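Numbering (the working numbering), first residue to last: 223 to 564.
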C-alpha cells in the first residue's frame with residue numbers, strides 16, 4: 223500500500239462533505255471556483271482521512287481557499303505559506319499538506335520562500351493559481367504578467383520581463399513540476415492525483431482566469447478550436463504530437479526543438495518522446511513559454527523522487543540518538559566555545 227494512503231479505517235467522505243458553510247467570496251465566474259470543485263472531487267479518491275488534510279495559504283484571492291475546504295486549514299501571512307507548511311510537515315509528517323498560492327503571493331513577496339521549499343523538498347503539494355494579474359488588490363501587473371501589459375500600475379505597459387514559474391521551479395531543483403488549467407476538469411484532477419502520489423514537493427501551476435481584471439488571458443489554450451494548435455498535453459513515453467488530428471509534432475535537432483508536419487515524411491516514431499525523468503528535456507519544454515510558435519505544454523513536465531526534508535531530518539535525529547544516550551540540550555546550545563560574563 224502506498225505510504226500516503228491511510229492504513230487505518232476512516233469514515234469515507236464525498237466532495238459534498240468537503241464543502242463548508244462559508245460563503246464563497248470570489249467574483250462570479252472566477253476560475254477559482256473550478257479549481258475548488260476539482261480539489262473537492264479528487265481528495266475523496268486518495269484514501270486519506272479529512273483530519274489528516276491541511277490547506278495552507280498566504281494572501282490573495284486564491285488564499286481564501288482554506289475557508290471553503292472542510293479540512294484543517296491555515297490562512298497565513300503574505301508569501302509565507304511555504305515556511306509554515308514546511309514546519310507543519312516536519313512536526314506532523316503523517317499529514318497531507320497542500321499549499322495554495324497565487325502568482326503574486328508566491329512569486330513576489332513569497333518567491334524566496336518558494337525556491338527554498340523546492341530545494342528542501344518536504345513532502346507537500348503546491349498549487350499556484352496563475353492569472354497573470356493582481357486580483358485582490360484590483361488589477362495591478364504581477365510577476366507573470368506579459369511584457370507591455372497595460373494595468374493600473376503600468377498605464378504605459380510594464381517593461382518587467384515576466385517570471386516563468388516552471389522554469390523557476392526547475393532552476394530551484396524542484397522534484398515535481400506540472401501544469402494544468404481551470405477549464406480542463408479531468409486533466410486537473412489527474413494532475414492533483416499525481417501531485418499527491420509524488421514523494422517530495424510537487425509544484426502544479428494552474429492557469430486560472432480572472433474574468434474581472436484579466437479576462438481570457440489563457441483562452442487560446444482552453445478554447446477547443448485553438449487548443450489543438452496552441453497546447454500540447456504530455457504523456458510519459460508518448461511522442462510530442464499536436465494539432466488537428468495530431469498532424470504536427472516536435473523533434474529535437476540536437477538540443478533545438480523543431481516543429482514538423484507528419485505529412486512531410488515524418489512519423490510518430492521520429493518525434494520527441496516525453497520522458498518525465500529527463501531534466502535537460504524538461505528545461506527545454508518549459509522554455510516553450512517564450513516561443514509563440516510552439517504549443518504550450520500541459521501535464522507532468524518533470525518528476526523524479528529524492529529523499530524528502532522530513533526523511534533527512536528524522537534520519538539525522540535517529541543517528542544522533544544511536545550515538546549518544548545522554549544528550550544534554552544545554553551543552554548543545556552552548557557549543558564548543560562559551561564564556562561566562564560576570
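Where a beta carbon is used, it is the ideal one built from N, C-alpha and C, also for glycine. As the structure is a computational prediction, the values presented were derived from the model and not from experiment.
Let me confirm a value: residue i is counted as buried when at least 16 other C-beta atoms fall within 10 Å, else exposed. Which label applies?
i           : result
residue 223 : Its pLDDT being 35, under 50, residue 223 is placed unreliably by the model, and the measurement read from it follows with that caveat. When all chains shown are included, residue 223 counts as exposed.
residue 633 : Because the chain is modelled from 223 through 564, residue 633 falls outside the range shown and cannot be assessed.
residue 408 : exposed
residue 276 : buried
residue 244 : exposed
residue 295 : buried
residue 551 : exposed
residue 328 : buried
residue 557 : exposed
Hey, out of the options, whose CA is closest to residue i's CA?
i           : options               : result
residue 501 : 546, 408 and 389      : 389
residue 525 : 424, 235 and 411      : 424
residue 318 : 278, 437 and 282      : 278
residue 380 : 370, 374 and 387      : 370
residue 460 : 522, 436 and 434      : 522
residue 432 : 375, 357 and 499      : 357
residue 479 : 339, 338, 401 and 495 : 495
residue 321 : 312, 315, 313 and 306 : 306
residue 325 : 531, 281 and 261      : 281
residue 420 : 435, 404, 399 and 535 : 399
Rounded to whole angstroms, what's the CA-CA distance from residue i to residue j? Just pull it up for me.
i           : j           : result
residue 349 : residue 416 : 12 Å
residue 413 : residue 345 : 16 Å
residue 477 : residue 539 : 44 Å
residue 264 : residue 533 : 26 Å
residue 584 : residue 351 : The structure shown does not extend to residue 584, since the chain is modelled only from 223 to 564, so the question has no answer here.
residue 248 : residue 511 : 28 Å
residue 487 : residue 517 : 21 Å
residue 234 : residue 519 : 35 Å
residue 375 : residue 256 : 28 Å
residue 373 : residue 427 : 23 Å
residue 438 : residue 489 : 35 Å
Where do the ends of the alpha helix (DSSP H) carrying residue i lie?
i           : result
residue 310 : 303-313
residue 507 : 501-508
residue 534 : 531-545
residue 445 : No alpha helix (DSSP H) holds residue 445; DSSP gives it neither H nor E.
Just curious, the beta strand (DSSP E) that residue i is in, first and last residue?
i           : result
residue 424 : 424-429
residue 480 : 478-483
With 8 Å as the threshold, decide whether the Cβ of residue i is near any Cβ in chain B.
i           : result
residue 341 : Protein chains in the displayed structure number just one, and chain B is not present.
*Between the segment 384-395 and the segment 459-475, do at least 3 Cβ pairs fall closer than 8 Å?*
no
*Quick one: any contact between the segment 300-315 and the segment 326-333, if contact means 3 or more CB pairs under 8 Å?*
yes
_Any 3 or more C-beta pairs closer than 8 Å across the segment 358-371 and the segment 443-454_ = no
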